[in-house]
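Please read the structure below before turning to the comments.
Protein chains: 6
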Amino acid sequence: MHRVVTMGEIMLRLSTPGFKRFSQADTFDVVYGGGEANVAVSLANFGLSAYFVSKLPTNPIGDAAINSLRKYGVNTSYVARGGKRVGIYYLETGASMRASTVVYDRAGSAIAEATEADFDFDEIFKDASWFHFSGITPAISAASANLTERALIAAKKHNVTVSVDLNYRKKLWTEAEAKETMSKLMPYVDVCIGNEEDAEKVLGFKPEHTDVTSGELEVESYKSIFKQMKEKYNFKYVVSTLRESYSASDNGWSALIYDGTSFYHSKKYDLRIVDRVGGGDSFAAGLIYGLITKDDFREALDFAVAASALKHTIPGDFNLVGINEVENLVNGDASGRVQR
Amino acid sequence: MHRVVTMGEIMLRLSTPGFKRFSQADTFDVVYGGGEANVAVSLANFGLSAYFVSKLPTNPIGDAAINSLRKYGVNTSYVARGGKRVGIYYLETGASMRASTVVYDRAGSAIAEATEADFDFDEIFKDASWFHFSGITPAISAASANLTERALIAAKKHNVTVSVDLNYRKKLWTEAEAKETMSKLMPYVDVCIGNEEDAEKVLGFKPEHTDVTSGELEVESYKSIFKQMKEKYNFKYVVSTLRESYSASDNGWSALIYDGTSFYHSKKYDLRIVDRVGGGDSFAAGLIYGLITKDDFREALDFAVAASALKHTIPGDFNLVGINEVENLVNGDASGRVQR
Amino acid sequence: MHRVVTMGEIMLRLSTPGFKRFSQADTFDVVYGGGEANVAVSLANFGLSAYFVSKLPTNPIGDAAINSLRKYGVNTSYVARGGKRVGIYYLETGASMRASTVVYDRAGSAIAEATEADFDFDEIFKDASWFHFSGITPAISAASANLTERALIAAKKHNVTVSVDLNYRKKLWTEAEAKETMSKLMPYVDVCIGNEEDAEKVLGFKPEHTDVTSGELEVESYKSIFKQMKEKYNFKYVVSTLRESYSASDNGWSALIYDGTSFYHSKKYDLRIVDRVGGGDSFAAGLIYGLITKDDFREALDFAVAASALKHTIPGDFNLVGINEVENLVNGDASGRVQR
Amino acid sequence: MHRVVTMGEIMLRLSTPGFKRFSQADTFDVVYGGGEANVAVSLANFGLSAYFVSKLPTNPIGDAAINSLRKYGVNTSYVARGGKRVGIYYLETGASMRASTVVYDRAGSAIAEATEADFDFDEIFKDASWFHFSGITPAISAASANLTERALIAAKKHNVTVSVDLNYRKKLWTEAEAKETMSKLMPYVDVCIGNEEDAEKVLGFKPEHTDVTSGELEVESYKSIFKQMKEKYNFKYVVSTLRESYSASDNGWSALIYDGTSFYHSKKYDLRIVDRVGGGDSFAAGLIYGLITKDDFREALDFAVAASALKHTIPGDFNLVGINEVENLVNGDASGRVQR
Amino acid sequence: MHRVVTMGEIMLRLSTPGFKRFSQADTFDVVYGGGEANVAVSLANFGLSAYFVSKLPTNPIGDAAINSLRKYGVNTSYVARGGKRVGIYYLETGASMRASTVVYDRAGSAIAEATEADFDFDEIFKDASWFHFSGITPAISAASANLTERALIAAKKHNVTVSVDLNYRKKLWTEAEAKETMSKLMPYVDVCIGNEEDAEKVLGFKPEHTDVTSGELEVESYKSIFKQMKEKYNFKYVVSTLRESYSASDNGWSALIYDGTSFYHSKKYDLRIVDRVGGGDSFAAGLIYGLITKDDFREALDFAVAASALKHTIPGDFNLVGINEVENLVNGDASGRVQR
Amino acid sequence: MHRVVTMGEIMLRLSTPGFKRFSQADTFDVVYGGGEANVAVSLANFGLSAYFVSKLPTNPIGDAAINSLRKYGVNTSYVARGGKRVGIYYLETGASMRASTVVYDRAGSAIAEATEADFDFDEIFKDASWFHFSGITPAISAASANLTERALIAAKKHNVTVSVDLNYRKKLWTEAEAKETMSKLMPYVDVCIGNEEDAEKVLGFKPEHTDVTSGELEVESYKSIFKQMKEKYNFKYVVSTLRESYSASDNGWSALIYDGTSFYHSKKYDLRIVDRVGGGDSFAAGLIYGLITKDDFREALDFAVAASALKHTIPGDFNLVGINEVENLVNGDASGRVQR
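Chains as they are written, first to last, in this note's numbering: chain A, 1 to 340; chain B, 341 to 680; chain C, 681 to 1020; chain D, 1021 to 1360; chain E, 1361 to 1700; chain F, 1701 to 2040.
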């Protein structure tokens, strides 16, 4: 069984029930989630051996975060314990033209203050085949940026494939900070996932002049950027989801991949959204699973897009779907007919 | 007041709240339902005298199932008590391209093991004007298949009109089993409800070659099948709903009826789905009510389609709408404007 | 800070959770609301000094209604205490072609039996700049109609701008009663909000013959009515929302304003509805805020339409949005993208 | 099967969840209940044929009240439909030294305005063996007082046994009003249930001087009153529960009965209270069942006390226990051991 | 109306529903609370003019905290806005021998980083008659300790009476830190509330040798400490609650006061606990209300003990009782009988 | 880390919220539990390496059962997948004199039909130090009884210590059946847990004549039985909990152990019960942990009693307490004081 390692922060997510605003809520729905943790859970649900590396305080909230991962089969034996608090994000789910609202309260979390001493990266990576991280982890603190680099060095030492989801978060750092830190980490990366905004704000790439008709403009812009990214960092694959936000309730969803030779633009799904948080993470997980288990990167992309389309119908950060469900959708059954 | 009898299984339905997956739920929503029970409740809500015939164990879960029927005015005096368990079905409501999931746990239920000795069919049918059953009841066990035939014989003895909803359930029996059992029951039937899949898998009918343009293809296929069904079993009416599953959230909904002479295809509704379970049952109830109380079978079909369209907006198996609400919709008010 | 006064009834709203019908609910969601109370809350959320004038009984339900207003910063010091009961409305939220159902149980409420002796209108209006009421308040009782007139006389004595939302409620009075009472109150009004139905049933205006193409027919009808209204009552502004009810789940939403010289038809929003109750009130609040704080009545209308579009995504009667959220939508961001 | 008729008001009960105060609740728990309705439900749960006579408006809240009765097998065919509203009572469940709070909002309910013309008492009582009412019904309006007398006359014409629960409610009428009305109704009564306060405030009886030790004082007072009641009205049985309110959470519970010859004071139970509303009604139902089915009035009282002790552990107004559960408790199993 | 000012932190309280442990909860109950905020709410419920001084971030969670105070009539116009986060405490309510668990996550809250520049203390205290703070506020940060002293200086300048609740929190500071800071603040204090543990750990007082029998030992210890406290700091009153923790579910509750001349030990209540958090704060509020409005400090103490006994039956931090409810309990009605 | 293996059935538990009866519930609380699964979870929470051996169907309900175990760190790699259904038990939590009601629906579950072929017992026991089962497992079917014997043989082959909790369930088998099956399994057992009823009905032991005063009678009866058990089966320890059921809400709780030489009767706790299901299992887990980690069997018993006392305050079957919490209670802190 392939062992995949992800590293980052898992937060307590506090969301209002239904479409209530914060001031209306006298209960919060409680789940735990965070970019890399979400990827690990999704991979475990696909049957891979998924390890999540992080740090959590030795209190009942830290315990509950670990329980939420173990429940879905993620191996948490490399989660260090200590530090002061579990990071929090508050979520108010939007509808129609009202966007979802996220309020971060994650400063000073245990993983933000973790150091290399908390982890034995040689042990962690010695049997691993893949390492995934996102641009959020190096953004949460200088210590985390350093920790990420240590992990990447160890991963490469053990010939582990590395993927990144650039995931620019303007509430965590500036473009300048992002560029300085992330450009140092890119040489370790094999598979780079990031949309146009990420590419520009994290790595500084902008689409070159393109003279296509507007209908295809967006995809052509992406192609221009992907070529530049490939050229500069020699990524094996450059990938992005393409989200069309019609409203907070309805989105279009597809993805584009480039292997340095050819581009492949997946089928587009029209999503009726239940919970879009973690959508990108579920895509990354689907892609990792696809690239590990399938011969054709186009099939990997199809799997990733279908998996993440399904995620949008599931409450919480985690993508709780199995391989069969994803394959059924890839094979064309999007009718939602009840099976009985 | 017309007395209508239905016979079948009422199950405990355990569904996850919101769009949660089974593994996420620490509560289940609890209702009771099942094809013929759903028909009985809907008919009681339309003001008919509805009797439900079944068997339930003498324990509090059996009591609760009976309570759920009595609440809406269904007469439960012919429900036998005894047997081992109340059948269960687990439901996870889908959204967008994720279909609803049904897990059956109904083997060994009281009604599956019931025999003719549990019921006095002469008493049950002596003042009745209509008997309705579905293809689920004979599918649940050999005993149930036999029981159904006994009921049909008694119903016919008392000149009761009989309707069936073919309702093929591949998780309960094979096509061969269905055909063997159901073909013996069809001679007792006056009104046969069933879609293309049911007609083929339960009775073996397939559409003959039709040379229409594709837009009308489906309806033409149905017409071909309906004619064959009429010819073979001399049904008074052959009827089917036509569901277009755009996704688990949105469906098109209409119906077709054939009286041996002419076809009538109802108006089509575009449904935003709250709960589609019991949609077909609510159609059967609307049709029975319409055929009993209206002069024109076209009006009966319009009533049935509108009634069942409304069901899709109501949580649970039961269709909790009154005649006025259905008539308003038949008369064209689908605007959803608040009345105040 | 501008002081705005509204006067009317605040009721206990009892609504079924999710899309349950009344008979299914073993809990009711509890909020408090009513036309003018909703306007006051929305204005307080925009930062104005909002006063709500009403009467509530000296019991814990009356206290809870006051708490619900204070929570959002509405000044309740002019709410008289006494009388017998808090009015109630029951609400069942519709979906798709099933309309929301409202059952009123408001007769005999404290405000319906309140008299001038309960309020010191000179005190109330002496520092006020705006007074808003709706056609509901004079409709609830003869005493309330008289009270409304007393309030209007006092408001005008203190040079307060007056707006009305005609809001015809056929369950509260007849057209004849409405016309007799409301036509006496119109001379005090500066800004008149009301749709075509209100204009006809409350004030007797009908569109004159118009020879436009059907696509623009509705707006042309409104223009015809607005001109008549302006002419007869010399309103400063005549305004209406234009709701297109595709279904209980989806509406089109825009508005039209006339200043006696020119018409302005706002942008139209397509709404996925969470809760449409209070939509009109949130529009009135947005308009009042816009007319008080903006130079151009077109901008005021744009603000009002965006504010009330957002209301449709929020459960309960109150519009819980701030100025920034409305301005963002006015400025074109309806994509519902998460900010993080 | 014995047919028992009860007549009175069924209200919508709105209670805060847990121990929340009204201002804290954003949901209310919804049940329906009222003295005589509660008695009918309990009798139906004991297997008797229970009829509830009342009037309810033709709206969905009225429907829901009827559904709540039918659910437990109460026959509602004599419930008249019409009138303006369903009466309401708000309930806040107390704990420890904080008493439960009841806020009535029942004026103007359909039954309060019902008249003899709404019911066919000859039809209602012709096959009945018992009629039960409480002192609440005549208290809700002059029309109800008159209606009660009409019912009693008809009951006696058909030789129906009559029981009353005096149930003085100071929020509904004065002692003088109660005495004037109730003393006219007592001649029709066979079984009179009422505690010391009821006896004094409704019928004017006070304990005569007694020279017993204080430990038995209360019971001796009751004996003195019972003798006077028996003497004046020739009741067959005079009965009272004896509640010792240690706190809102813990009560002592027993009862006393007098048959004109001897007194019997039941066993006392120490109750840990879940919901004490309806406790007295469940006692009346237990007593009626006991007097109908048992030879010894002492056994009837034991059954009634055990039945009503169990009621205090069940949320809502209704006593949802069966005969076996009551008999087990009568036979001494109060250990609360799980059966499995 | 007396104006009372309190200053401190208001936190988001996240508690598990029922008796769930943190790992079991997929919802948290949400209220806002904190020592001095709780006192302000209780005083507002008693009809005083209560002001709460604090600092909260300009985000929706900060808004919600303010809304929670305004709802009960607390004036929040002196709450500064800014800073990074709302402090949090997690609560798991215990039962029987399992104690409630509190996990603090309050470091870095807005009020912890607030400075004198955030407040205009002259404005705040110029019309005030009483200022209350607790030992928690100076404990949360050095800035807060300094801020408290600034407030006390301003309060005294305006002849405001000052009360303190010593409230030692070992998770916030050491005994040495507490003593150093708090001993500097005591000279400003008129009314000092604190139990034996507080007196020792915050101010260093221990009971002198006492030769009483053990039954009265605790009260005698308190008397010894109170005398020392009075002597050293010349407090007008020294007060303490006396909690006897039989278990997490049941407590004994009384209080002791000393005016420098005589002691008064109140009645003791046996509490069945719903929520004991905020019990001490409700006592402080009761005492402040009593000392302001009653002539006799013994009556003030009786009021405070009864008010805080009732708090233990109410979920959340706030004491939501009115004067009448407290007076009823003071006057001896602890029977929990329903009033109707 | 000690590896402990338990084997048995894990069921879906469906319980009504609060104190609702089954007919009142429109939601069920959902947890998973069963004797040996509960032991495994508790041991995992104490930090041991706990393995649960069972069989569950390959459907989402089976998945959810596994997730519930993994969440708390139980190793589920030896859970076979297949079979037809997950067993169910319905639970209605009692209060006061109303006992909790359990309705089993567990026939035909996957584990009931499992055979030796589903498990590799050599693999399972090769690194294990302890094996625990209960009398429920052999009771559920003949296959299970045989499976249990196979497991015991394998355990003994690997020198694993064996404990049993006799747990007689009259709804699963007769005394005769129990005796026949269980007496064959006792020779493999080292530690036998069972109360007087279990000892008699499962193994046929009755207390011999004892001439002690009644106060100590129960303990003396136990001693008599323990001696006989020790003698016949040469158990290393014979142990029993002693539950005194005052009511469904309050119990006394202690335990007795015998090592063949001396008896030790633990401290008795008075429990205010939140959820008593799983109380005995939590005791078994505490005892196993204690016997593995402590030198003195008396200390083991004290730990077990305290651990299981705490269980009674936690909803669900699982005992979610850590070692520290148990040790604190053993050391005497039962006051329930909040730590902060």
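Built from N, CA and C at the ideal position, the CB exists for glycine as well.
Item, Value
"Residue nearest to lysine 1256/D in terms of C-alpha spacing, selected from Val1239/D, Glu1264/D, Val1209/D and Lys1221/D", "Val1209/D"
"Span separating the alpha-carbon of serine 1523/E from that of glycine 1352/D", "56 Å"
"Proximity test, Cβ basis, 7 Å: asparagine 1427/E and chain C", "yes"
"C-alpha distance - proline 1010/D paired with glycine 1336/D, whole-angstrom precision", "Shown here, chain D extends from 1021 to 1360; a query on residue 1010/D therefore has no answer."
"Cross-chain neighbours of arginine 2040/F in chain A, by beta carbon under 7 Å", "Going along chain A, no residue has its Cβ under 7 Å from arginine 2040/F, so there is no contact; the nearest lies around 13 Å."
"C-alpha gap between phenylalanine 28/A and arginine 1785/F, whole angstroms", "34 Å"
"The stretch 563–591 of chain B: positions lying closer than 9 Å to chain C by Cβ", "none"
"Neighbourhood of threonine 2041/F by C-beta, 7 Å cutoff - its chain only, sequence neighbours within 5 removed", "Coverage of chain F is limited to positions 1701 through 2040, which leaves residue 2041/F absent and any answer about it impossible."
"DSSP-derived helix/strand/coil call for valine 381/B", "helix"
"7 Å Cβ cutoff, arginine 1466/E in contact with chain F", "no"
"Residue ranges of each alpha helix (DSSP H) within the stretch 1826–1860 of chain F, 4 or longer", "1836–1839 and 1842–1857"
"Completely contained alpha helix (DSSP H) runs for the stretch 387–425 of chain B, where each covers 4 or more residues", "400–410"
"C-alpha distance - alanine 625/B paired with serine 382/B, whole-angstrom precision", "6 Å"
"Complete runs of the alpha helix (DSSP H) confined to the stretch 500–536 of chain B [at least 4 residues]", "515–525"
"Buried versus exposed, by CB contacts within 10 Å (16 or more), glutamine 1384/E", "buried"
"Own chain partners of isoleucine 1086/D with C-beta closer than 8 Å, once the 5 adjacent residues on each side are dropped", "Leu1076, Thr1096 and Val1099"
"7 Å Cβ cutoff, valine 1741/F in contact with chain B", "no"
"Distance CB(alanine 494/B)-CB(phenylalanine 473/B) smaller than 7 Å", "no"
"Inter-stretch contact (C-beta, 8 Å, three-pair minimum) for the stretch 292–309 of chain A and the stretch 254–272 of chain A", "yes"
"Exposure of proline 1547/E, with buried meaning 16 or more beta-carbon neighbours within 10 Å", "exposed"
"Classification of arginine 1170/D by the beta-carbon crowding that lies within 10 angstroms, buried from 16 upward", "exposed"
"Span of the alpha helix (DSSP H), counted from its first residue to its last, around glycine 959/C", "959–973"
"Rounded C-alpha distance that separates arginine 1381/E from aspartate 1975/F", "13 Å"
"Residue-level contact to chain D via CB, arginine 425/B, 7 Å cutoff", "no"
"Valine 578/B, enclosing beta strand (DSSP E) - first and last residue", "577–585"
"Beta-carbon proximity list for glutamine 228/A, same chain, < 8 Å, skipping 5 on both sides", "Phe205 and Glu208"
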